[in-house]
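Enquirer:
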Amino acid sequence: MKKFLFILLIFVSFSSFSQTNPFTGTWSNENCKSCSKKYILIMNIAQSFGKVYGSAEVINSDPKLSTGSLEITGYIKEDKAYIKLKSENEISSNAILIVNEDQLQFDKRNGSDLIPKEVILEKLYE
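Under mature numbering (1 follows the signal peptide of the UniProt record, and there is no 0), the residues of the sequence shown are numbered -18 to -1, 1 to 108, in order.
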């Protein structure tokens, strides 16, 4: 019985370690001190079992260049998230997300010009 409990405890500790969700949270570049303030990208991301879901928005001082709400879907492979951003207005783009401590690197691969090509985002909320 003691062996069983010990093995169960080890299994639980390994499974909780493997369930870390580094992409989960609210990310934005609005608090970045060295970034351009032409636009603000806000992303709310939830990560679960290798999948990524959420919403994003690009806010610009010119209303024509704002995207409105974008739906995020994607998957995680190793330490990167491959996402697709899509809106009701036919705006779409593909991007790669890379987490480094409390920063998220956003690299757009293709798609709408309204979505920034490369941005460093900081975590606002867990």
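Glycine included, every Cβ here is placed at the ideal spot set by N, Cα and C.
Source: prediction; values computed, not measured.
By the three-class DSSP mapping on this structure, what secondary structure does L52 have?
Expert: Counting from one through the sequence shown, the residue named residue 52 turns up at place 70. Strand, per DSSP.
Enquirer: Could you tell me which residues DSSP puts in a beta bridge with F88?
Expert: Translated into the one-based positions of the sequence shown, residue 88 becomes position 106. Paired residues: L79, V101.
Enquirer: Could you pull out every residue in the same chain whose Cβ sits closer than 8 Å to the Cβ of I86, ignoring the five residues on either side in sequence?
Expert: Here residue 86 refers to the residue found at position 104 of the sequence shown. In the sequence as displayed, the identity of residue 86 is Leu instead of Ile. F5, W9, M25, L79, I80, I102, L103, E104, K105, listed in sequence order.
Enquirer: Please report the straight-line C-alpha distance between F(-2) and P45, rounded to a whole angstrom.
Expert: As a working note, residue -2 is residue 17 in the sequence shown. As a working note, residue 45 is residue 63 in the sequence shown. Bear in mind that the predicted position of F(-2) carries a pLDDT of just 48, short of 50, making it too unreliable to give a figure here.
Enquirer: For Y57 and chain B, any beta-carbon pair shorter than 8 Å?
Expert: Here there is only one protein chain, and chain B is not present.
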